[in-house]
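FYI, in our numbering the residues of the sequence shown are 2 to 567.
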Amino acid sequence: MYETTFNTNSLLAPTLNNEILLFTPVPPSHGALKTVLAFPNTYSVGITSLGYQIIWATLAQRQDVDVRRLFTDTKDSLHKKTDLFGLSLSWELDGPVLLDLLEKQNIPIWSHKRKDSDPIVFGGGPVLTANPEPLAPFFDVILLGEGENLLPIFIETILQIKALPRLEKLEILSQIEGIYIPSLYAPKYSNNGTLIGMETINSKVPKSVTKQTWKSNTLSHSTVITPESVWPNIHMIEVVRSCPELCRFCLASYLTLPFRSSSLKDGLIPSVEKGLQATNRIGLLGASVTQHPEFSELLNWLNQDQFNNIRLSVSSVRASTVNPLLTKILSKRGCKSITMAIESGSSKMRNFVNKKLSENEIYASAHYAKEGGLKGLKLYGMVGLPSEEEIDIEATINLLINIKQQTPELRLTFGVSTFVPKAHTPFQWYGLRPEAKKRLKILSKQLNSKGILVRPESYGWSIIQTLLSRSDRRLAPVIAAVRGSQNNLGSWKQAYRQIRETDTNSTNQQLGGLPKLPSWDEVIHQNWETSRVLPWSHLNGPISPEILIQHLQQSLKENDDLIHHS
Numbered sequence: 002m003y004e005t006t007f008n009t010n011s012l013l014a015p016t017l018n019n020e021i022l023l024f025t026p027v028p029p030s031h032g033a034l035k036t037v038l039a040f041p042n043t044y045s046v047g048i049t050s051l052g053y054q055i056i057w058a059t060l061a062q063r064q065d066v067d068v069r070r071l072f073t074d075t076k077d078s079l080h081k082k083t084d085l086f087g088l089s090l091s092w093e094l095d096g097p098v099l100l101d102l103l104e105k106q107n108i109p110i111w112s113h114k115r116k117d118s119d120p121i122v123f124g125g126g127p128v129l130t131a132n133p134e135p136l137a138p139f140f141d142v143i144l145l146g147e148g149e150n151l152l153p154i155f156i157e158t159i160l161q162i163k164a165l166p167r168l169e170k171l172e173i174l175s176q177i178e179g180i181y182i183p184s185l186y187a188p189k190y191s192n193n194g195t196l197i198g199m200e201t202i203n204s205k206v207p208k209s210v211t212k213q214t215w216k217s218n219t220l221s222h223s224t225v226i227t228p229e230s231v232w233p234n235i236h237m238i239e240v241v242r243s244c245p246e247l248c249r250f251c252l253a254s255y256l257t258l259p260f261r262s263s264s265l266k267d268g269l270i271p272s273v274e275k276g277l278q279a280t281n282r283i284g285l286l287g288a289s290v291t292q293h294p295e296f297s298e299l300l301n302w303l304n305q306d307q308f309n310n311i312r313l314s315v316s317s318v319r320a321s322t323v324n325p326l327l328t329k330i331l332s333k334r335g336c337k338s339i340t341m342a343i344e345s346g347s348s349k350m351r352n353f354v355n356k357k358l359s360e361n362e363i364y365a366s367a368h369y370a371k372e373g374g375l376k377g378l379k380l381y382g383m384v385g386l387p388s389e390e391e392i393d394i395e396a397t398i399n400l401l402i403n404i405k406q407q408t409p410e411l412r413l414t415f416g417v418s419t420f421v422p423k424a425h426t427p428f429q430w431y432g433l434r435p436e437a438k439k440r441l442k443i444l445s446k447q448l449n450s451k452g453i454l455v456r457p458e459s460y461g462w463s464i465i466q467t468l469l470s471r472s473d474r475r476l477a478p479v480i481a482a483v484r485g486s487q488n489n490l491g492s493w494k495q496a497y498r499q500i501r502e503t504d505t506n507s508t509n510q511q512l513g514g515l516p517k518l519p520s521w522d523e524v525i526h527q528n529w530e531t532s533r534v535l536p537w538s539h540l541n542g543p544i545s546p547e548i549l550i551q552h553l554q555q556s557l558k559e560n561d562d563l564i565h566h567s
């Protein structure tokens, strides 16, 4: 029933020969669209991306597309000449890797230097949907939003206009809702270098582009099983998409609205049954898996004796939904721990970010985890949130120590990152707080000594993420300069300073005479006025800026009320 290789005509790298495909690839026809689908990381990491798997399988089941995969460490045998070069981007720091991949395929990295004979370079994923502008000069086409509907429309249109000149192709594609053509938009700046808007190059081009949303009651699941994955031999099933809680910093919630759940009968159960024909390891994915309206029914179904040999894991659960049934069944099905995001041990901070979670619910979830037979509890939090004070860090320390004392049998892990402002969220106007660096160290020192394993995310990485999440097209020459060393904060700072101090940057002139970069502090650390024109203002997310401002104002009001009554 399942194929073990993708393209029998390809000389596959040995790691790819270990794959089991949960779909049947269609041999490409003569004249099929020669496509490369790249992922800016190693195979073992890239193949865990459910979005990448779905895009690849969608294309591989089309007779009119001949798709090959490319990772940083392995590849299918690639085409001598490519029509389309696609990239899936789910993390900011992977963006510069695109340039290395393009150069290795002898494709000009700058879109304005590509000719009719060069492939159309397209991309998608949450990073590009949120704010594509820093990377915009490298892409011909950006697919905004979820690809289930948008990708087939894009491919079918490309097939129809394949023979046309490059510019004509791009102008036709720009008429499709959800397809953003950066070269057809020109940023405009004031005399002091402030972004004042985005203009189209002609009247045919839409003034704004709207993210696309998949509205079916069935979501995605793995199309490939492999022991070479970071999560070996796992069949991933998307249980929910978005999150109903809407924490005010959360890109995964706001950008993917509305909250959707996969049908139990038509989606989840068939997906589990299909995966079990290839593996005994099932992973349930989603920002808040246990908030699926029929999650208890799914658990009871998985509790049948016929599933005694499977290993079940869940990506993240909401503390208020943890109960004895959940932890007992997870433990019975080979799950060792559960993961919950608490954001902060301070009730004031949880209220501020709209984390509807009480301290008692957090303690109860740890108790249920222990009673159900789980061995570990993984909690996630943040430092550097807007309005956070030292006392809030102390509250986090006290909460975690108390959990450890009450449930000493549990292996307690605390993953903590720095707040990074994300586009299309109510906290997009806040900057990154430098106090976060010290607070990460305080948490590590205080908690590790108490037997709690702290896993802090690099503060330097958070700075780079902020730079990429808040910048406009002026950052593109910096990205080009740091490729190959993009994980080094010093390289970013040096490149940023050099390009900013250069009076006449040749690349910026080629990009339309963009003014010099704003100050590092303005992009990274400053809070912005809500009246400011943002780099992504011409791109419509699920919620309008006016509503986001209301959510922001509500958080400020609730915070003031709490301080006033305390």
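Cβ atoms here follow ideal geometry from the backbone N, Cα and C, with glycine treated the same way.
Distance CB(residue i)-CB(residue j) smaller than 7 Å
i, j, result
"Lys379", "Thr328", "no"
"Leu94", "Thr36", "no"
"Gly287", "Val231", "no"
"Thr43", "Asp74", "yes"
"Arg312", "Gly335", "yes"
"Gly385", "Phe353", "no"
"Leu285", "Ile238", "yes"
"Ile398", "Gln447", "yes"
"Ile143", "Pro133", "yes"
"Ser289", "Arg319", "yes"
"Ser175", "His539", "no"
"Leu401", "Ile453", "yes"
"Asn234", "Thr280", "yes"
"Tyr460", "Asn528", "no"
"Arg324", "Tyr369", "It should be noted that the sequence gives Asn, not Arg, for residue 324. Yes, these two residues count as a Cβ contact at 7 Å."
"Ala39", "Leu79", "no"
"Pro188", "Arg474", "yes"
"Leu145", "Asp65", "no"
"Ile177", "Lys170", "no"
Outcome for residue i when other beta-carbon atoms lying within 10 angstroms are tallied against a minimum of 16
i, result
"Asn8", "Low confidence applies here, because Asn8 scores a pLDDT of 37, under 50, leaving its location unreliable; read the following figure in that light. Asn8 should be labelled buried."
"Arg434", "buried"
"Leu12", "Only weak support exists for where Leu12 lies, its pLDDT of 29 falling under 50; the value from the coordinates is given anyway. Leu12 should be labelled exposed."
"Pro294", "exposed"
"Phe155", "buried"
"Leu515", "buried"
"Ile363", "buried"
"Gln213", "buried"
"Glu172", "buried"
"Pro41", "buried"
"Ala164", "exposed"
"Val122", "buried"
"Arg282", "buried"
"Met2", "Because the pLDDT of Met2 is 35, which lies under 50, any placement of that residue in the model is unreliable, and the question is left without a value."
"Gln487", "buried"
"Glu246", "buried"
"Leu557", "exposed"
"Glu389", "buried"
Proximity to residue i [Cα-Cα], best of the options
i, options, result
"Thr408", "Lys376, Glu395 and Gly416", "Lys376"
"Gln278", "Arg249, His236, Ser191 and Leu258", "His236"
"Ser338", "Gly373, Phe308 and Lys357", "Gly373"
"Gln429", "Gly32, Pro546, Ile270 and Pro325", "Pro546"
"Ser254", "Glu559, Asn560 and Gly542", "Gly542"
"Ile392", "Ile404, Thr322, Ser348 and Tyr381", "Ser348"
"Ala396", "Thr291, Pro519 and Met350", "Met350"
"His31", "Thr257, Arg63, Phe296 and Val46", "Arg63"
"Lys81", "Arg69, Pro271 and Ile402", "Arg69"
"Ser472", "Leu518, Ile453, Glu246 and Ile159", "Leu518"
"Glu458", "Ser418, Lys266, Asn361 and Leu23", "Ser418"
"Ala481", "Asp267, Leu99, Arg456 and Lys76", "Leu99"
"Leu326", "Trp302, Gln307, Ser317 and Leu358", "Trp302"
"Glu147", "Leu51, Ser316 and Ser118", "Leu51"
"Asn1", "Ser332, Thr322 and Glu389", "For the chain, the structure presents residues 2 to 567; residue 1 sits outside this window and is missing."
Any non-hydrogen atom of the ligand NAD closer than 6 Å to residue i Cβ
i, result
"Ala482", "Absence of the ligand NAD is noted for the structure shown, with no ligands found whatsoever."
Does the contact criterion of 3 or more C-beta pairs under 8 Å hold for the segment 46-63 versus the segment 216-230? yes
Quick one: which unbroken beta strand (DSSP E) runs of 3-plus residues sit fully inside the segment 222-269? Chain order, please. 235-239
With three or more beta-carbon pairs closer than 8 Å as the criterion, would you say the segment 522-530 touches the segment 195-202? no
In the segment 403-484, which residue ranges form an unbroken beta strand (DSSP E) of at least 3 residues, counting only runs that do not cross its ends? 412-419 and 454-457
Meets three-Cβ-pair contact criterion under 8 Å: the segment 124-137 and the segment 88-103: yes
Using 8 Å as the Cβ pair cut-off and three pairs as the minimum, do the segment 427-446 and the segment 104-118 touch? no
So, do the segment 258-268 and the segment 203-220 have three or more beta carbon pairs nearer to each other than 8 Å? yes
Going along the chain, which unbroken runs of the alpha helix (DSSP H) with 4 or more residues stay wholly within the segment 132-180? 148-161 and 167-174
Runs of 3 residues minimum, wholly inside the segment 264-351: which ones carry the beta strand (DSSP E) assignment? 282-286, 312-315 and 338-344
Considering only residues of the segment 179-223, which uninterrupted alpha helix (DSSP H) runs meet the minimum length of 4 residues and lie entirely inside it, listed in chain order? none
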